[in-house]
Amino acid sequence: MLESWCAFDVESKLDKIGQIEKEISSVSFWHNTLMAQKKMKELSLFKSQTEPWFRFRRELENLIDVCDLLDIERDETLKKDVVTELDLIFDKINVEEFKVSLSGTYDYRSAIFAIHSGAGGLEAEDWAQMLFRMYKKWSDKRDFNINVLNVSVGEEGGLKSIVVEVAGDYAFGYLKSEKGVHRLVRISPFDSDHARHTSFALVEVMPVVEDTLEVSIDPSDLKIDVFKAGGAGGQSVQKNSTAVRITHVPTGLKVSCQNERSQYQNKNIAMKILSARLLQHNINDKAKQMSKLKGEHVSAEWGNQIRSYVLHPYTMVKDHRTGFNVTNADLVLNGDIQGFIDEYLRRNIVV
Numbered sequence: 045m046l047e048s049w050c051a052f053d054v055e056s057k058l059d060k061i062g063q064i065e066k067e068i069s070s071v072s073f074w075h076n077t078l079m080a081q082k083k084m085k086e087l088s089l090f091k092s093q094t095e096p097w098f099r100f101r102r103e104l105e106n107l108i109d110v111c112d113l114l115d116i117e118r119d120e121t122l123k124k125d126v127v128t129e130l131d132l133i134f135d136k137i138n139v140e141e142f143k144v145s146l147s148g149t150y151d152y153r154s155a156i157f158a159i160h161s162g163a164g165g166l167e168a169e170d171w172a173q174m175l176f177r178m179y180k181k182w183s184d185k186r187d188f189n190i191n192v193l194n195v196s197v198g199e200e201g202g203l204k205s206i207v208v209e210v211a212g213d214y215a216f217g218y219l220k221s222e223k224g225v226h227r228l229v230r231i232s233p234f235d236s237d238h239a240r241h242t243s244f245a246l247v248e249v250m251p252v253v254e255d256t257l258e259v260s261i262d263p264s265d266l267k268i269d270v271f272k273a274g275g276a277g278g279q280s281v282q283k284n285s286t287a288v289r290i291t292h293v294p295t296g297l298k299v300s301c302q303n304e305r306s307q308y309q310n311k312n313i314a315m316k317i318l319s320a321r322l323l324q325h326n327i328n329d330k331a332k333q334m335s336k337l338k339g340e341h342v343s344a345e346w347g348n349q350i351r352s353y354v355l356h357p358y359t360m361v362k363d364h365r366t367g368f369n370v371t372n373a374d375l376v377l378n379g380d381i382q383g384f385i386d387e388y389l390r391r392n393i394v395v
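Residues 45 to 395, numbered by our numbering, are exactly what the sequence shown covers, in order.
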C-alpha cells in the first residue's frame, strides 16, 4: 500500500490540491473566468485521483482491527471474510495503480476521434465502417458518449471518413493507443470470386481543446472555403453553399464539415476539429524533440500499421507494437479491445 501511495505520488497531488484551494480563496480568482474554470477542473481531477487511496487506507485499518479480533476469537468464517475483503481491496488498488499509465497532460480529457478509409474504394469504406462500429461498442461499454461531428458516406453505404467526439473522463488517455493504421485481411463479401482482400484505415486521435489559451489561431492564417454539401443525390444534396473547408496555412492542416444545415454551425464544428488537430500537432512536435530520449517514435502514416485483423485463412487480431494478440476476431470487432489498450498503456507509462 505504501509503495503504491508513493508510486502514484499522492503527496505531490495533495500539495497541488492545497495550492489550488489557496488560489480559489483569493479575491481575484474569478477575474479570469477561463483560467478559474481550468483550475476548478484540475482540483476536481486531483481529488478524484487521491480520494481512493484514503478510502483504501481506511478499509485496511478496519481489517487490521478485525484481525486483532481474530487473534482472540479464532473464528474461521470471519477469517475467510477478511481474506475475501483483502483480495477485493487489492484488486481495487491494482485498478488505481493502472491509472498511472493515464497520467499524461491531456489523458483525462475527451477525445476527437477520426477514421479515414484507405485506398480500395468499397472494400476500404466497409472496413472503416466496421472499425467505427467496433469503437462505438467499446465506448458504450465504458459509458462514453459519441457525438458525430462530420461524416462522409461511401456510395454503397460504407464510410469514407468520420470524425466524432468521444466524451468522457480519460477518453483520450485510452484511445491514444488506437492512433495509426489498422489492416484487415478477409475474403471480400463484395467479390464474386471470393478472393482474399487487404484493406487499410487510418485512425486519428486528438485531445479536446478546453480553452482558447491552449491553441492560438490567428484568423489571418486561415483560408476558409464554402461549397455545397454532397449527399446521396436528390433532396439530400444541399442547394446552398453550407459546407465549410478551413485550411491552416502555416501547418497545411485542412478540416472540412458539411453535416449541419447552416454554414455557421459547420464552421464552428470545423474550428473545433482544427483546434484539436493543432493541439495534437504541437504534441507531436514535442514528441519528436524527445524521441532520442524515449526511443523510436511510430507515426500514424501508411505503412506503419499498428494492428492487423485477419479473418482468413485463420482468425487473429495482433498488435504489432506490443505483440498482444487475440484469436477470437469476432469478439474484438464487437468492441472487446480493452486488452490491446491496456497492454499498450502498460508499455508506454508517462513518467
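Ideal Cβ placement from N, Cα and C applies to all residues, glycine included.
- prompt: So, are the CB atoms of K220 and V197 less than 8 Å apart?
  reply: Not closer than 8 Å, so no.
query: Just reading off the beta strand (DSSP E) that Q349 is part of, what are its end residues?
result: It spans Q349 to V354 - the beta strand (DSSP E) in which Q349 sits, taken as one unbroken run.
- request: Determine the burial state of S70: buried for a count of at least 16 other Cβ atoms within 10 Å of its Cβ, exposed for fewer.
  value: With fewer than 16 other beta carbons inside 10 angstroms of its own, S70 counts as exposed.
field: Assigned exposure category for H226 - 16 Cβ within 10 Å defines buried
entry: Its Cβ being crowded by 16 or more others within 10 Å, H226 is buried.
Chain-order list of residues whose beta-carbon lies under 6 Å from that of D363 (same chain, five-residue window excluded): So the list reads R351 and F384, once near-sequence residues are dropped.
message: Given this structure, state the Cα-to-Cα distance separating W171 from V354, to the nearest angstrom.
response: Spanning the two alpha carbons is a distance of roughly 12 Å.
query: How big is the Cα-Cα spacing for A245 and N348?
result: The alpha-carbon atoms of A245 and N348 are separated by roughly 11 Å.
- request: For R230, count neighbouring C-beta atoms within 10 Å of its own C-beta (all shown protein chains included) and say buried if the count is 16 or more, exposed if not.
  value: By the C-beta density criterion, R230 is buried, having at least 16 other C-beta atoms within 10 angstroms.
message: Across the segment 321-333 and the segment 252-269, are there enough close Cβ pairs to call them in contact, namely three or more that are closer than 8 Å?
response: The way I'd put it, the segment 321-333 does touch the segment 252-269; three or more beta-carbon pairs between them come closer than 8 Å.
- prompt: When you compare only the Cα positions, how much space is there between D380 and E67?
  reply: In this structure, the CA atom of D380 is about 43 Å from the CA atom of E67.
- request: Pick helix, strand or coil for V253, following the three-state DSSP scheme.
  value: V253: coil per DSSP, three-state reduction.
message: Can you find the residues in the same chain that come closer than 6 Å, C-beta to C-beta, to A168, ignoring five residues on each side of it along the sequence?
response: Taken in chain order, the residues that qualify are S161, G162 and S243.
field: Cβ-based neighbour list, G278, same chain, cut-off 7 Å, excluding 5 preceding and 5 following
entry: Residue confidence for G278 is low, a pLDDT of 41 falling below 50, so the modelled location carries little weight and cannot support an answer.
message: Considering only the alpha carbon of each residue, which of T291, P294, N310 and H292 lies closest to N284?
response: Here the closest residue by C-alpha is N310.
field: Ordered list of beta strand (DSSP E) runs contained in the segment 195-246, each at least 3 residues
entry: Qualifying beta strand (DSSP E) stretches, in chain order: 203-211 and 224-231.
- request: Tell me, please, whether the segment 90-104 touches the segment 126-143 by the rule of three or more beta-carbon pairs shorter than 8 Å.
  value: A contact exists between the segment 90-104 and the segment 126-143.
field: L30, enclosing beta strand (DSSP E) - first and last residue
entry: Here the chain covers residues 45 to 395 and nothing more, so residue 30 does not appear.
task: State buried or exposed for W74, treating a residue as buried only when at least 16 other CB atoms are found within 10 Å of its CB.
output: So W74 ends up on the exposed side.
- prompt: Which residue's Cα is closest to the Cα of P233: L166, Y152 and N106?
  reply: For P233, the nearest C-alpha among the options comes from L166.
Spatial distance of E117 from V110 (CA atoms): Looking at the two C-alpha atoms, the distance is approximately 10 Å.
message: If distances are taken between C-alpha atoms only, which option among A158, I190, S145 and D255 comes closest to R391?
response: Proximity to R391 across A158, I190, S145 and D255 peaks at S145, based on C-alpha coordinates.
query: So K82 packs on E254, CB below 8 Å; how close in whole Å?
result: Indeed they touch by this definition, with Cβ atoms about 7 Å apart.
message: I need the straight-line Cα distance from L193 to R186, nearest angstrom please.
response: For L193 and R186, the distance between alpha carbons rounds to 20 Å.
Coil, strand or helix - D59 by DSSP: Helix, per DSSP.
field: T359 in three-state terms, based on DSSP
entry: Assignment of T359 by DSSP, reduced to helix, strand and coil, places it in the coil class.
query: Exposed or buried, which one is P251 when buried takes at least 16 other CB atoms within 10 Å?
result: P251 is classed as buried because its beta carbon has at least 16 other beta carbons within 10 Å across all chains shown.
- prompt: Roughly how many angstroms separate the alpha carbons of M30 and S205, rounded to a whole number?
  reply: Outside the displayed span of the chain (45 to 395) sits residue 30, for which this structure offers no information.
message: In the DSSP output, which residue or residues are listed as bridge partners for L266?
response: Its beta-bridge partners are H292.
- request: Report the residue ranges of all alpha helix (DSSP H) runs contained in full by the segment 168-198; include only those spanning at least 4 residues, in chain order.
  value: Whole alpha helix (DSSP H) segments, 4+ residues: zero.
query: Who are the Cβ neighbours of F188 in its own chain at under 7 Å, not counting the five residues just before and after it?
result: Excluding positions up to five away in sequence, the list reads V210, A211, G212 and A215.
task: Run the CB neighbour count on R153, radius 10 Å, all protein chains shown included, and call it buried at 16 or more, exposed below.
output: By the neighbour-count rule (16 or more Cβ atoms within 10 Å), R153 is buried.
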